[in-house]
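Worksheet: one structure, shown below.
There are 2 protein chains.
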Amino acid sequence: MTQGEAPPRSTRSRPTMREVAALAGVAIKTVSRVFNGVPTVDPAIVARVREAADQLGYRPNLTASSLRRGDGRTSTIGMLVEDAANPFSAALTRTVENVARERGVLVLVGSVDEDPARERELAQALVDRRVDGLVIVPAGRDQSYLISEQRSGTRMVFVDREAGLLDADAVVSDNRQGAVTAVNHLLKAGHRRIAYLGDRASIPTAAQRFAGYRHALEVAHLTYEDEIVQHVPASEEAAVTATKRLLELPDPPTALFTSQNLVTIGALRALRALGLQDAVAHVGFDDFPLADILNPGISVIAQNVEEVGRTAAEMLFRRLDGDESPTRTVTVPTRLIERGSGEIPAEGPRHD
Amino acid sequence: MTQGEAPPRSTRSRPTMREVAALAGVAIKTVSRVFNGVPTVDPAIVARVREAADQLGYRPNLTASSLRRGDGRTSTIGMLVEDAANPFSAALTRTVENVARERGVLVLVGSVDEDPARERELAQALVDRRVDGLVIVPAGRDQSYLISEQRSGTRMVFVDREAGLLDADAVVSDNRQGAVTAVNHLLKAGHRRIAYLGDRASIPTAAQRFAGYRHALEVAHLTYEDEIVQHVPASEEAAVTATKRLLELPDPPTALFTSQNLVTIGALRALRALGLQDAVAHVGFDDFPLADILNPGISVIAQNVEEVGRTAAEMLFRRLDGDESPTRTVTVPTRLIERGSGEIPAEGPRHD
DNA sequence: TCTCGCCAAGTCAACGTTGTCTCAGCGTCG
DNA sequence: CGACGCTGAGACAACGTTGACTTGGCGAGA
Numbered sequence: 001m002t003q004g005e006a007p008p009r010s011t012r013s014r015p016t017m018r019e020v021a022a023l024a025g026v027a028i029k030t031v032s033r034v035f036n037g038v039p040t041v042d043p044a045i046v047a048r049v050r051e052a053a054d055q056l057g058y059r060p061n062l063t064a065s066s067l068r069r070g071d072g073r074t075s076t077i078g079m080l081v082e083d084a085a086n087p088f089s090a091a092l093t094r095t096v097e098n099v100a101r102e103r104g105v106l107v108l109v110g111s112v113d114e115d116p117a118r119e120r121e122l123a124q125a126l127v128d129r130r131v132d133g134l135v136i137v138p139a140g141r142d143q144s145y146l147i148s149e150q151r152s153g154t155r156m157v158f159v160d161r162e163a164g165l166l167d168a169d170a171v172v173s174d175n176r177q178g179a180v181t182a183v184n185h186l187l188k189a190g191h192r193r194i195a196y197l198g199d200r201a202s203i204p205t206a207a208q209r210f211a212g213y214r215h216a217l218e219v220a221h222l223t224y225e226d227e228i229v230q231h232v233p234a235s236e237e238a239a240v241t242a243t244k245r246l247l248e249l250p251d252p253p254t255a256l257f258t259s260q261n262l263v264t265i266g267a268l269r270a271l272r273a274l275g276l277q278d279a280v281a282h283v284g285f286d287d288f289p290l291a292d293i294l295n296p297g298i299s300v301i302a303q304n305v306e307e308v309g310r311t312a313a314e315m316l317f318r319r320l321d322g323d324e325s326p327t328r329t330v331t332v333p334t335r336l337i338e339r340g341s342g343e344i345p346a347e348g349p350r351h352d
Numbered sequence: 353m354t355q356g357e358a359p360p361r362s363t364r365s366r367p368t369m370r371e372v373a374a375l376a377g378v379a380i381k382t383v384s385r386v387f388n389g390v391p392t393v394d395p396a397i398v399a400r401v402r403e404a405a406d407q408l409g410y411r412p413n414l415t416a417s418s419l420r421r422g423d424g425r426t427s428t429i430g431m432l433v434e435d436a437a438n439p440f441s442a443a444l445t446r447t448v449e450n451v452a453r454e455r456g457v458l459v460l461v462g463s464v465d466e467d468p469a470r471e472r473e474l475a476q477a478l479v480d481r482r483v484d485g486l487v488i489v490p491a492g493r494d495q496s497y498l499i500s501e502q503r504s505g506t507r508m509v510f511v512d513r514e515a516g517l518l519d520a521d522a523v524v525s526d527n528r529q530g531a532v533t534a535v536n537h538l539l540k541a542g543h544r545r546i547a548y549l550g551d552r553a554s555i556p557t558a559a560q561r562f563a564g565y566r567h568a569l570e571v572a573h574l575t576y577e578d579e580i581v582q583h584v585p586a587s588e589e590a591a592v593t594a595t596k597r598l599l600e601l602p603d604p605p606t607a608l609f610t611s612q613n614l615v616t617i618g619a620l621r622a623l624r625a626l627g628l629q630d631a632v633a634h635v636g637f638d639d640f641p642l643a644d645i646l647n648p649g650i651s652v653i654a655q656n657v658e659e660v661g662r663t664a665a666e667m668l669f670r671r672l673d674g675d676e677s678p679t680r681t682v683t684v685p686t687r688l689i690e691r692g693s694g695e696i697p698a699e700g701p702r703h704d
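Right, here's the structure in full:
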């Protein structure tokens, strides 16, 4: 810990247009014109105003400006994600930020932690700051509390999951089809006893992935067995326990479909702990860093996070630009990445 | 892609206090008092105002309120990180958000991408929105452009790296000592030829870690050899190439100290590609997910990101609460995590 | 009974900016 | 040479809210 030298700083209050105007010897309105790039101001005056502003360290107050301006735009949008620290949310935030950046718009971020009450509080806090729009990964199943905001002109786009009880734009991954692809891939490797391990079924995305799993089994004329299906809270620990339980069954599954990131990682920890990583096939939903470097590499259904985020942001800005067309839900396809774990055949690893 | 049904929404403008007051039959000021929890308002009137507000879907305008209020606080802070999508930045953002949340403060996030010009632009954009304070992971080495802001009362705390040409609070990891620990650990395993692979030396944290490396060698009376030192841009590809170059030397190093996240991952990819992961010892700076599940597990010097973020946020809020003490730099210790790769002895893996 | 003080509720102006309107000065054209 | 249009700059009010002050009604004490 180092000591600095500075004594308490003089909190001289921030200069305003009034002071700049006084120093430059012009009217406030003229300063306003200069900073808004109005072309009809005498170049000599522009120079004088700029000089005065620099001298005082003047910076326009966007807050005041947005209050007075007709459209009331704040050049700020709000973004609610599940948890700013997790890779999916972080990647999403970054792509939205990239699109916003091009328009000089900043992003207010909030982590909802799968808590509907928190979602609502944060959404209100964003609205209270008069953000121009919202990008929301909803936690709850009821967003009707936003109806009045929507009517008041706040544009919003939902991501990863659609809004409930609210008609709004959304961008989602093709969860169901992704799950079908995963299961079909395991079927192709000869598996007939494929376990499902996923997030609680109350989470819409988990429900869709689970539906895909059931559908694929049905098409393959396999009977669904409750015994090899586990819905657990999305945490590594819970997934480790659940995986072990599955693999210690009298008639254990020969393949595993894990429908969420942390669940996938928990499952692969459990497989390794049991020394079964080369014996039990495994496909996870959602890619994760270093999945390719493990042994075997983990085959996954990868979401196109960048496209999801970019599409959502672009839809939002199109709305802000006046697009009044009917609301849409855009579905972004997923992609199977084969890395080894999903290609382990039913009879166990090949030894020929 | 699904079609919604909603026709263009009626953009009725947002209700204001005036309208609430009219509906409740009271003066605007009374509505203001109700929403600010002033206790001297007749409970019957409070009820009437609240009802009117609910009926209209009224939400106070924090923007206007902050403009009028004496302190001008916006209950918003700005945060500049290297890249919102990388795990270090994301974790930092999240801890700062957690502290802010307790005070009803929201966080505006911007990614600087190691670009000093971008850092400056974003800082200005945040100041223009009159954030109450800034948490900055600086990209450039000169933050003197913030002196006038500081004087105008914007509080700021720097994270991960100290500010340049500006007297301000900072919270940093003990980079130098962490590097010393890493190298000492490798020395203890018998290594005498330890390579350094790190981010460009122009990045202050990289420079400190490099200094730690040199210092540890010196204390151990080992001569510094330029041949086994590489400064590369922080990317996996660059690190892969550099690592291969090091290991293909006539007299290759028996141990590797990688001083940055992506560099560490690049190095371990290269080690695996060459089949040397069990022969060459390796300690990385910065922990990363799944480091423990690899084979061998990757030993690292872990930064305490949570403590760094929390400390920074707490310092910022203490300043906002009126703390005028001299500026400080808080150094947060790092911690060695042994997982296998760093304990490989100098003569190669044991075969006894 | 009258004055005084008290307290709840209201009026007014102001935060920093910009939209609208006005005005002064200048060049042009009949 | 005078009316007119034009152009550039200023005056004024307003955005939605709150700080400072005022008002009015009521109870208490002399």
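Top line first, the protein sequences correspond to chains P and V. For the first sequence, position 301 (counting from the first letter as 1) is numbered 301 according to this note's numbering, and the numbering increases by one without interruption. When you read off a place in the second sequence, starting at 1, and then add 352, the result is the number in this note's numbering. The beta-carbon is built from N, C-alpha and C at its ideal position, and this holds for glycine as well.
Determine, using beta carbons only, whether residue i and residue j come nearer to each other than 8 Å.
{"i": "residue 672(V)", "j": "residue 608(V)", "result": "no"}
{"i": "residue 65(P)", "j": "residue 84(P)", "result": "no"}
{"i": "residue 521(V)", "j": "residue 369(V)", "result": "no"}
{"i": "residue 159(P)", "j": "residue 92(P)", "result": "yes"}
{"i": "residue 654(V)", "j": "residue 639(V)", "result": "yes"}
{"i": "residue 146(P)", "j": "residue 166(P)", "result": "yes"}
{"i": "residue 109(P)", "j": "residue 79(P)", "result": "yes"}
When the Cα of residue i is compared with those of the options, which residue comes out closest?
{"i": "residue 467(V)", "options": "440(V), 446(V), 458(V) and 433(V)", "result": "433(V)"}
{"i": "residue 95(P)", "options": "308(P), 60(P) and 346(P)", "result": "308(P)"}
{"i": "residue 118(P)", "options": "137(P), 261(P) and 69(P)", "result": "137(P)"}
{"i": "residue 557(V)", "options": "496(V), 537(V), 492(V) and 507(V)", "result": "492(V)"}
{"i": "residue 706(V)", "options": "397(V), 396(V) and 611(V)", "result": "An answer regarding residue 706(V) cannot be provided, because it is not within the stretch 353 to 704 covered by chain V."}
{"i": "residue 208(P)", "options": "231(P), 225(P) and 190(P)", "result": "231(P)"}
{"i": "residue 329(P)", "options": "174(P), 13(P) and 287(P)", "result": "174(P)"}
{"i": "residue 398(V)", "options": "422(V), 373(V) and 483(V)", "result": "373(V)"}
{"i": "residue 217(P)", "options": "153(P), 145(P), 177(P) and 344(P)", "result": "177(P)"}
{"i": "residue 396(V)", "options": "378(V), 388(V), 621(V) and 412(V)", "result": "378(V)"}
{"i": "residue 479(V)", "options": "575(V), 507(V) and 519(V)", "result": "507(V)"}
{"i": "residue 199(P)", "options": "306(P), 192(P), 162(P) and 237(P)", "result": "237(P)"}
{"i": "residue 122(P)", "options": "484(V), 509(V), 427(V) and 476(V)", "result": "427(V)"}
{"i": "residue 73(P)", "options": "333(P), 336(P), 317(P) and 274(P)", "result": "317(P)"}
{"i": "residue 637(V)", "options": "613(V), 482(V), 371(V) and 388(V)", "result": "613(V)"}
Spatial neighbours of residue i within its chain, please: CB distance less than 6 Å, with the 5 preceding and 5 following residues excluded, ordered by chain position.
{"i": "residue 690(V)", "result": "651"}
{"i": "residue 24(P)", "result": "48, 49 and 52"}
{"i": "residue 571(V)", "result": "none"}
{"i": "residue 696(V)", "result": "633"}
{"i": "residue 531(V)", "result": "561, 564 and 565"}
For chain P, is any of its Cβ atoms less than 8 Å away from the one on residue i?
{"i": "residue 650(V)", "result": "no"}
{"i": "residue 369(V)", "result": "no"}
{"i": "residue 357(V)", "result": "Bear in mind that a pLDDT of 49 at residue 357(V), under 50, signals an unreliable position, so the number given afterwards is only what the model happens to contain. Chain P, which has a Cβ nearer than 8 Å to the Cβ of residue 357(V), makes this yes."}
{"i": "residue 564(V)", "result": "no"}
{"i": "residue 645(V)", "result": "yes"}
{"i": "residue 482(V)", "result": "yes"}
{"i": "residue 413(V)", "result": "yes"}
{"i": "residue 436(V)", "result": "yes"}
{"i": "residue 446(V)", "result": "yes"}
Can you find a CB in chain V that lies within less than 8 Å of the CB of residue i?
{"i": "residue 97(P)", "result": "yes"}
{"i": "residue 141(P)", "result": "no"}
{"i": "residue 353(P)", "result": "Lying outside 1 to 352, the shown extent of chain P, residue 353(P) is not represented and no answer is given."}
{"i": "residue 91(P)", "result": "yes"}
{"i": "residue 153(P)", "result": "yes"}
Please return the same chain residues whose Cβ sits closer than 7 Å to the Cβ of residue i, not counting the five positions on each side in sequence.
{"i": "residue 33(P)", "result": "41"}
{"i": "residue 538(V)", "result": "546, 607, 609, 633, 635 and 694"}
{"i": "residue 619(V)", "result": "549, 591, 595, 608, 610 and 634"}
{"i": "residue 369(P)", "result": "No information on residue 369(P) is available, as it lies outside the stretch 1 to 352 that chain P covers here."}
{"i": "residue 553(V)", "result": "559, 562 and 583"}
{"i": "residue 585(V)", "result": "552"}
Which residues in the same chain have their Cβ closer than 8 Å to the Cβ of residue i, if we skip the five residues on either side of it in sequence?
{"i": "residue 641(V)", "result": "439"}
{"i": "residue 62(P)", "result": "74 and 75"}
Is the closest heavy atom of the ligand GTP to the C-beta of residue i under 7 Å?
{"i": "residue 243(P)", "result": "Summarising the ligand content, the structure contains no ligands, and the ligand GTP is consequently not present."}
Segment contact flag, the region 400-411 of chain V with the region 445-459 of chain V, C-beta cutoff 8 Å, min 3 pairs: Here the region 400-411 of chain V does not lie against the region 445-459 of chain V, with fewer than 3 beta-carbon pairs under 8 Å apart.
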